[in-house]
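In the working numbering, the protein residues as written are 150 to 314.
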């Protein structure tokens, strides 16, 4: 039943979104449907922009740029547990974004608008990655004397705090 529900959900999304997004494959969808951003790219909007705008609508973005054989891929993989109501809300969000791309693409290009952190400079992030995070303020719960780290004890199958000295 789970497999049938996943197939139904993917094809349901495909049929409703096909008028707004280019479908990547003509064959019926299996458990996922793949679109390309070809239509939106004509307005300068790419799959990553659409994914970031989806965050403003309260949805976790779909898989972007995969599969690699589809340029600008939008891979939407609804699970078998998604309700019709949730699928419809997702479709409404995707249709709204498609209309925004046509009418006011800058809204999509500057998304997300609802998050604390806005757009990351992806070129700088790729060329000069910062892989260590330093908090601006010391955590309230941290012991002031010295930091702790955890070690894994295989015999007890647990993590144990270890003082560094």
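Using N, Cα and C, we set each Cβ at its ideal position, and we do this for glycine too.
Item, Value
"Length at least 4, wholly inside the stretch 165-233: the alpha helix (DSSP H) runs in chain order", "187-190 and 196-205"
"Residue burial classification, residue 237 (beta-carbon count within 10 angstroms, cutoff 16)", "exposed"
"Proximal residues to residue 262 (C-beta, below 6 Å), its chain only, five neighbours per side dropped", "205"
"Residue 258 versus 266, 245 and 249, residue with shortest Cα-Cα distance", "249"
"Sequence-distant residues of its chain with Cβ nearer than 7 Å to residue 231 (five each side left out)", "158"
"Residue environment, residue 186, which counts as buried when at least 16 other CB atoms sit within 10 Å", "buried"
"Span separating the alpha-carbon of residue 177 from that of residue 199", "23 Å"
"Simplified DSSP state of residue 248, which is helix, strand or coil", "helix"
"Between the CA atoms of residue 197 and residue 245 - distance to the nearest angstrom", "16 Å"
"8 Å Cβ cutoff met for residue 226 and residue 212", "yes"
"Inter-residue Cα distance where the pair is residue 192 and residue 304", "59 Å"
"Continuous alpha helix (DSSP H) stretch holding residue 281: start and end", "Here residue 281 belongs to no alpha helix (DSSP H), and DSSP marks it neither H nor E."
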